[in-house]
Ligand code: ADP
Ligand code: MG
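In full-length UniProt numbering, the protein residues as written are 1 to 536.
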């Protein structure tokens with residue numbers, strides 16, 4: 001037997017679990033069942049695709065409670081783990097998000113809702129346990145299995161388990177019961193049944209206690225929406241997304257005919273911390289006729305909709321389908337196109353009918369969605385239709401069509417100004433004449449704004465026009481006397497010859513003496529800055 005130390009981050013996380021005041025401790029069982037279900041999926045795939053030897057005839061999850069010993073065991077006959085895998089997967093936290101989780105948990109001072117966002121998984125058992133034992137054997141390997149045990153306090157032991165069957169059994173040694181804790185008796189049949197029903201009913205493998213199967217195993221996406229409760233959808237969402245919070249919106253989709261598929265998609269109600277990180281997990285789950293094929297299938301949804309979670313079940317794909325095949329598959333491309341349309345139309349409906357939900361959506365995901373203006377030209381118009389932008393007209397963001405409806409006589413272009421913040425943009429000298437004439441200007445402050453405005457020529461026939469560029473055709477109410485200023489302009493031109501291309505009189509200023517503008521074809525300054533930073 002060997003005693004090993006948890007990696008530092010894992011140790012911190014365990015401490016948080018042990019002292020967690022999160023009231024919903026029931027979810028530890030959901031996490032264990034979810035891991036067991038993943039392990040069964042993995043075994044089925046390994047046998048099917050990699051020729052691993054294994055018995056997939058009776059894949060199942062078994063629950064066994066012992067009231068006297070105060071233990072609850074979750075057993076699966078899935079893929080199992082090698083000794084090295086146990087040490088690596090259970091002893092360390094490989095996931096890049098964990099450091100971020102710990103930092104945010106400290107900032108939030110005990111806001112334990114954050115825990116779920118990061119999918120703490122197996123460690124959540126330490127919310128209820130003073131000891132956890134895991135016995136496992138990897139499918140298709142020779143030799144003995146492995147036994148892992150820990151009280152969650154800094155170290156774990158690892159040992160051989162000669163008789164372990166293929167699969168994994170996790171035994172949770174429950175902490176001594178509080179007096180008033182009949183409600184939290186995790187060895188009681190009723191309690192276990194209730195948790196399984198609530199959190200894990202849709203799991204595709206039987207969850208058994210004794211002879212009884214506790215879950216209905218019905219694939220949620222295959223059931224008519226009218227028969228599924230919101231709560232069932234929400235639990236399913238949490239299962240696939242590792243989110244703790246209910247989704248903002250649920251989307252069902254079904255295609256019949258020559259090429260059949262069903263999809264169940266979710267728009268989360270908050271952006272994951274890694275929405276703008278390159279290595280973040282993204283993509284949908286792919287099933288073929290109810291059989292899980294793969295996670296994170298990026299081929300099913302474009303990058304700018306990477307926040308969408310869900311499942312696609314395609315009837316006509318081969319069970320052996322690989323990522324390489326998916327990339328070229330025409331059916332997958334058709335599904336993807338359809339999913340994009342459906343998500344965009346859902347957002348449009350939200351905007352029309354549920355303004356509060358829409359506001360949440362836009363705050364959390366608008367920045368990602370705008371990437372689509374660059375990357376998905378076919379849907380540019382549809383994205384602009386659902387987009388909103390800050391504007392000088394008021395505190396609330398506006399749609400482009402509302403902007404157009406407010407345009408003044410003689411105005412043809414949609415005016416905008418980009419910058420780092422609303423205050424900076426509002427105080428820009430470029431703004432003066434527009435403010436003075438009461439002309440509305442869109443305030444664009446996301447980094448991506450600099451770029452998409454270059455890619456979008458117009459909206460509903462109205463050009464997008466930066467007020468920092470070229471000659472804005474702002475009608476001038478006053479008459480001017482350029483003659484009087486000619487000597488000054490000449491003098492400035494000469495003096496500043498090395499710094500500027502030209503010096504012009506302008507009617508865009510009312511109180512400032514001068515401002516810098518770019519030529520119509522010059523790069524926007526921020527874009528120039530960005531390209532320079534990228535070394536171009
Ligand atoms: P996650 O499930 O999100 O990956 P967990 O903390 O729940 O995170 O589990 C960590 C890892 O441990 C899993 O990814 C899996 O590789 C392994 N694991 C956990 N439970 C099992 C199990 N019952 N069978 C096989 N592997 C498991
Ligand atoms: Mg898990």
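Don't be surprised by glycine CBs; every beta carbon is placed ideally from N, CA and C.
Extent of the continuous beta strand (DSSP E) run through residue i
i, result
"residue 197", "It is not in any beta strand (DSSP E) - residue 197 instead sits in the alpha helix (DSSP H) that spans 189-200."
"residue 375", "Careful: residue 375 lies outside any beta strand (DSSP E), inside the alpha helix (DSSP H) at 372-375."
"residue 415", "414-418"
"residue 287", "284-288"
"residue 259", "Segment: none, residue 259 is in no beta strand (DSSP E) and carries neither H nor E."
"residue 2", "2-5"
"residue 463", "462-466"
"residue 209", "207-209"
"residue 451", "Segment 449-455 is the alpha helix (DSSP H) holding residue 451; no beta strand (DSSP E) there."
"residue 390", "389-391"
"residue 395", "394-398"
"residue 18", "It is not in any beta strand (DSSP E) - residue 18 instead sits in the alpha helix (DSSP H) that spans 8-18."
"residue 444", "442-444"
Check: residue i C-beta below 7 Å from any heavy atom of ligand 1
i, result
"residue 320", "no"
"residue 31", "yes"
"residue 78", "yes"
"residue 39", "yes"
"residue 90", "yes"
"residue 125", "no"
"residue 17", "no"
"residue 1", "no"
"residue 294", "no"
"residue 173", "no"
"residue 239", "no"
"residue 144", "no"
Residue range of the unbroken alpha helix (DSSP H) whose run includes residue i
i, result
"residue 423", "422-426"
"residue 384", "380-386"
"residue 229", "Element bounds for residue 229: n/a, residue is neither H nor E."
"residue 434", "432-436"
Residue i beta carbon near ligand 2 (any heavy atom closer than 7 Å)
i, result
"residue 353", "no"
"residue 34", "yes"
"residue 122", "yes"
Of the listed residues the options, nearest to residue i (C-alpha basis)
i, options, result
"residue 570", "103, 32, 88", "Residue coverage of the chain in this structure runs from 1 to 536, which leaves residue 570 outside it and unanswerable."
"residue 146", "248, 83, 312", "83"
"residue 402", "440, 363, 506", "440"
"residue 131", "18, 264, 497", "18"
"residue 438", "461, 447, 454, 407", "407"
"residue 320", "294, 332, 57", "294"
"residue 216", "232, 301, 7", "232"
"residue 143", "198, 362, 126, 81", "81"
"residue 35", "512, 335, 336, 242", "242"
"residue 426", "412, 488, 264, 443", "443"
"residue 273", "368, 197, 292", "368"
"residue 24", "300, 199, 371, 298", "199"
"residue 59", "71, 75, 49, 69", "75"
"residue 340", "133, 92, 298, 290", "298"
"residue 9", "44, 2, 48, 102", "102"
"residue 264", "276, 277, 249", "249"
"residue 71", "517, 186, 246", "186"
"residue 222", "312, 50, 277", "312"
"residue 380", "415, 151, 460, 492", "460"
"residue 372", "303, 314, 385, 323", "303"
"residue 7", "316, 90, 422", "90"
heavy atom of ligand 3 below 7 Å from residue i C-beta
i, result
"residue 133", "In the structure shown, ligand 3 is absent; the only ligands present are ligand 1 and ligand 2."
Check: Are the stretch 166-176 and the stretch 204-224 in contact at 8 Å, needing three or more beta carbon pairs?
Finding: Put simply, the stretch 166-176 does not touch the stretch 204-224. Fewer than three CB pairs are less than 8 Å apart.
Margin query: Going residue by residue through the stretch 298-363, where are the continuous alpha helix (DSSP H) segments of at least 4 residues, counting only ones entirely within it?
Written below: For the stretch 298-363, whole alpha helix (DSSP H) runs of length 4 or above, ordered along the chain, are 323-328, 330-353.
Check: Taking contact to mean at least 3 C-beta pairs separated by less than 8 Å, is the stretch 155-166 in contact with the stretch 188-195?
Finding: Verdict: no, contact absent.
Check: At what residue ranges does the UniProt domain "Histidine kinase/HSP90-like ATPase" (24-178) contain a whole run of the beta strand (DSSP E), taking only runs of 3 or more?
Finding: Within the UniProt domain "Histidine kinase/HSP90-like ATPase" (24-178), the runs of beta strand (DSSP E) at least 3 residues long that lie entirely inside it are, in chain order, 61-66, 71-76, 129-137, 145-150, 155-161, 167-174.
Notebook entry, point to check: Three or more beta-carbon pairs under 8 Å between the stretch 385-401 and the stretch 431-445, yes or no?
Noted result: Yes, the stretch 385-401 touches the stretch 431-445.
Margin query: Could you check whether the stretch 277-296 touches the stretch 340-347, counting it as contact only if at least three pairs of C-beta atoms, one from each stretch, sit closer than 8 Å?
Written below: For the pair of segments examined, the stretch 277-296 was found not to touch the stretch 340-347: the number of CB pairs separated by less than 8 Å stays below three.
Check: Is the stretch 246-259 close to the stretch 286-295, with three or more CB pairs under 8 Å?
Finding: They do not touch, by the three-pair rule.
Notebook entry, point to check: Would you call the stretch 302-312 and the stretch 261-271 in contact, with 3 or more CB pairs under 8 Å?
Noted result: A contact between stretches requires three or more CB pairs, one per stretch, nearer than 8 Å, and the stretch 302-312 meets this requirement with the stretch 261-271.
Notebook entry, point to check: Are the stretch 137-144 and the stretch 48-57 touching by the rule of at least three beta carbon pairs closer than 8 Å?
Noted result: At 8 Å Cβ cutoff, the stretches touch.
Item checked: the stretch 450-463 in contact with the stretch 496-503 per 3-pair CB rule at 8 Å -> In the pairwise beta carbon analysis, the stretch 450-463 is classified as not touching the stretch 496-503: fewer than three pairs are separated by under 8 Å.
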